[in-house]
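Accompanying notes for the structure given below.
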Amino acid sequence: MELYEAMRTTFACRDFTDDHLPDEVIYEMIENARFSPSGGNRQGNRVIIVRDMATRQRLSDLTVPVAKRYRAQMDAGESPWSAWIPTKLTPEQIEATSAPAMLTEPLIKSSVVLVVCVDLKVVAATDQYLDRVGVIGGASIYPFAWSLLLAARQNGFGGTITTLPIAHEPEIKTLLNIPEDHAVCAVMPFGRPVKQLTKLRRRPVEEIATRERFDGEMFTQS
Ligand SMILES: Cc1cc2nc3c(=O)[nH]c(=O)nc-3n(C[C@H](O)[C@H](O)[C@H](O)COP(=O)(O)O)c2cc1C
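When we follow this note's numbering, the leftmost residue of the sequence shown carries the number 98, and every step to the right adds one.
Okay, here's the thing in structure tokens:
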């Protein structure tokens, strides 16, 4: 598939057919995604292929309370789980909200779930002393997750980066025997998309790019 087409049409797939995603394709996805970049090329990436339904049900169950908050915040006009703006909702309001199936069911209804982890011992987190939530460490693993999605697309499959279950990372680590010095970065359902989307909603270049400074001149097509 042509690169730009793949970049523009690799969507968050949450609705899957009953088609099986074979191990050979998963192997090929990882075989190609392993070329993604990481800080200092330290390659702290690890991936766990989860087919066991009881494990996947547990991952979905762990997502429920997190998805409740997601939905409650959306309904209240907040940006869910914002790294900057705290929620004004009470725990009771969140608890009274139902978790959207689209956020919990893909972990059960997909063909397979890939759990992407990173070895914190080799992750360069240059923002670790800043007075804000850390984001740089993620840059050593999310290119890998994105490449898994692109590779799935190349093979006619699809998936989603999900992070909601990771609010309960300790439980996931116990469930999957993940060592303390590794972080869980993405819990990714994969399978055959019911429908291949071709037009994704994204902000135009003019809204996201400026010249020289954050508040500089809008970057437009010349
Ligand atoms: C860092 C990150 C975390 C995400 N977490 C979740 C998640 O927990 N659950 C989920 O259903 N989708 C999750 N998504 C998928 C986004 O909702 C999706 O990429 C976005 O809405 C764009 O969807 P589209 O490509 O289909 O237009 C996540 C995506 C990213 C990049």
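In this text, a Cβ means the ideal position worked out from N, Cα and C, and glycines have one as well.
Let me know the alpha helix (DSSP H) ranges lying completely inside the stretch 153-231, each 4 residues or longer, listed in chain order. Whole alpha helix (DSSP H) segments, 4+ residues: 188-192, 198-201, 203-206.
Terminal residues of the alpha helix (DSSP H) in which Pro267 lies: Under the DSSP assignment, Pro267 falls in the alpha helix (DSSP H) whose first and last residues are 266-273.
Using DSSP's beta-bridge definition, name the partner residues of Asn142. Under DSSP, Asn142 forms a beta bridge with Val215.
Alpha carbon to alpha carbon, how far is Asn252 from Val122? Here the alpha carbon of Asn252 sits roughly 7 Å from the alpha carbon of Val122.
What did DSSP end up calling Gly136 once you bin it into helix, strand or coil? Gly136 falls in the helix class under three-state DSSP.
Taking Ser237 as the reference, which of Arg131, Phe108, Asp116 has the closest Cα? Arg131 is the residue among Arg131, Phe108, Asp116 whose C-alpha sits nearest the C-alpha of Ser237.
Please report the distance separating the alpha-carbon of Pro203 from that of Thr223. Distance between Pro203 and Thr223, taken at the CA atoms: about 34 Å.
Exposed or buried, Lys165, counting other C-beta atoms within 10 Å across all chains shown (16 or more means buried)? Looking at its Cβ environment, which holds 16 or more other Cβ atoms inside 10 Å, Lys165 is buried.
Local conformation of Gly313 per DSSP, three classes: Of the three classes helix, strand and coil, the one that applies to Gly313 here is coil, per DSSP.
Please list the terminal residues of the continuous beta strand (DSSP E) segment that includes Phe113. In this chain, Phe113 is not harboured by any beta strand (DSSP E), its DSSP state being neither H nor E.
For Leu40, verify whether its CB is less than 7 Å away from any heavy atom of ligand 1. Residue 40 lies beyond the residue range present for the chain, which begins at 98 and ends at 319; the question has no answer from this structure.
For ligand 1, any of its heavy atoms closer than 7 Å to the Cβ of Arg105? Incorrect: Arg105 has no Cβ contact closer than 7 Å to ligand 1.
Which whole-angstrom value describes the C-beta separation of Thr201 and Thr152, a residue pair presumed to lie in contact below a C-beta threshold of 8 Å? So it is not a contact: roughly 15 Å between Cβ atoms.
Rank Pro197, Arg168, Tyr124, Val230 by C-alpha distance to the C-alpha of Trp181 and give the top, closest one. Comparing Cα-Cα distances from Trp181 to each of Pro197, Arg168, Tyr124, Val230, the minimum goes to Val230.
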